[in-house]
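Undergrad: Taking the UniProt record's numbering, the leading residue of the sequence shown gets 1, the next gets one more, and so forth.
All residues carry an ideal CB built from backbone N, CA and C; glycine is no exception.
Quantities reported herein were computed from a predicted structural model and do not represent experimental measurements.
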Amino acid sequence: MAKIKEGDRIQVLDDSIEGTAVRIDGDTVTVLTEEGFELDFSLREVLVVTDHHQIDVSSDEVREAKKEKEIPGKRKKKAVKPKERNAPKMEVDLHIHQLVPSTKGMSNYDMLTIQMETAKRQLNFAINKRIRKVVFIHGVGEGVLKEELYYLFRRHSNITYYDADYQKYGLGATEVYIHQNVTE
1 MAKIKEGDRI QVLDDSIEGT AVRIDGDTVT VLTEEGFELD FSLREVLVVT
51 DHHQIDVSSD EVREAKKEKE IPGKRKKKAV KPKERNAPKM EVDLHIHQLV
101 PSTKGMSNYD MLTIQMETAK RQLNFAINKR IRKVVFIHGV GEGVLKEELY
151 YLFRRHSNIT YYDADYQKYG LGATEVYIHQ NVTE
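(1) In the DSSP output, which residue or residues are listed as bridge partners for residue 90?
(2) Distance check for residue 19 and residue 180, CA to CA, integer angstroms please.
(3) Since residue 162 sits in a beta bridge, which residues does DSSP pair it with?
(4) The alpha helix (DSSP H) spanning residue 44 covers which residue range?
(5) Could you name the residues that DSSP lists as bridge partners for residue 11?
(6) Any idea if residue 171 is buried or exposed, counting beta-carbon neighbours within 10 angstroms, 16 or more meaning buried?
(7) Buried or exposed: where does residue 146 fall if 16 or more other Cβ atoms within 10 Å of its Cβ makes it buried?
(8) Output the distance between the C-alpha atoms of residue 144 and residue 117, rounded to the nearest integer angstrom.
(9) In terms of residues, what are the limits of the alpha helix (DSSP H) holding residue 118?
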């Protein structure tokens, strides 16, 4: 295998990315692309280009790369039932006016506490009822409620969260996916 050094011209296997090696850290090389992006790749994913059209590759490297890319036998896809595919997500609206009749006399802390208690209760309900997707509508605001929700979600190892559908909710909602073994 050709030893990669900083300044070498690099081409990425399985992609049309070329650039210059700017950093090598252990098994990772940082490539500065022609578009000006710095991207990290494993040393096993890149080849040194000796001149712009000739790649310095030994036949062992070619054999190894081909072997890695061989497609194993066809795997069966688990059929997704239409009922599951279109299962409605649980929506939890955390706007304070949806949770209490009046905010008169309430501090921001009181409102945030009510919103977080509601979020915890609804999240536990979804976990117990094996609901996979929940959308928490928190609004845009200053982002305090959103950050508190992220803190809550990070405490659960079986939860992935991301921005909810922008077309439907705008920027003010987070979708939670609860990883669980569903047995039917």
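TA: Per the coordinate set shown:
(1) To locate residue 90, count along the sequence shown from 1; it is residue 90. For residue 90, which the question treats as bridged, DSSP gives the partners 134.
(2) For the purposes of this step, residue 180 is taken as the residue at position 180 of the sequence shown. For the purposes of this step, residue 19 is taken as the residue at position 19 of the sequence shown. C-alpha separation (whole angstroms): 42 Å.
(3) Position 162 of the sequence shown holds residue 162. Beta-bridge pairing links residue 162 to 175.
(4) Mapped onto the sequence shown, residue 44 falls at position 44. It is not in any alpha helix (DSSP H) - residue 44 carries neither H nor E in the DSSP assignment.
(5) Sequence index remark: in the sequence shown, residue 11 carries index 11 (1-based). DSSP lists 18 and 47 as the bridge partner or partners of residue 11.
(6) Locating residue 171 in the sequence shown gives position 171, counting from the first residue. It is exposed - the Cβ of residue 171 has fewer than 16 other Cβ atoms within 10 Å.
(7) Residue mapping note: residue 146 aligns to position 146 of the sequence shown, counting from 1. Flag for residue 146 reads buried.
(8) Walking along the sequence shown from the start, residue 144 turns up at place 144. Walking along the sequence shown from the start, residue 117 turns up at place 117. C-alpha separation (whole angstroms): 15 Å.
(9) If you number the sequence shown from 1, residue 118 lands on position 118. Residues 108-128.
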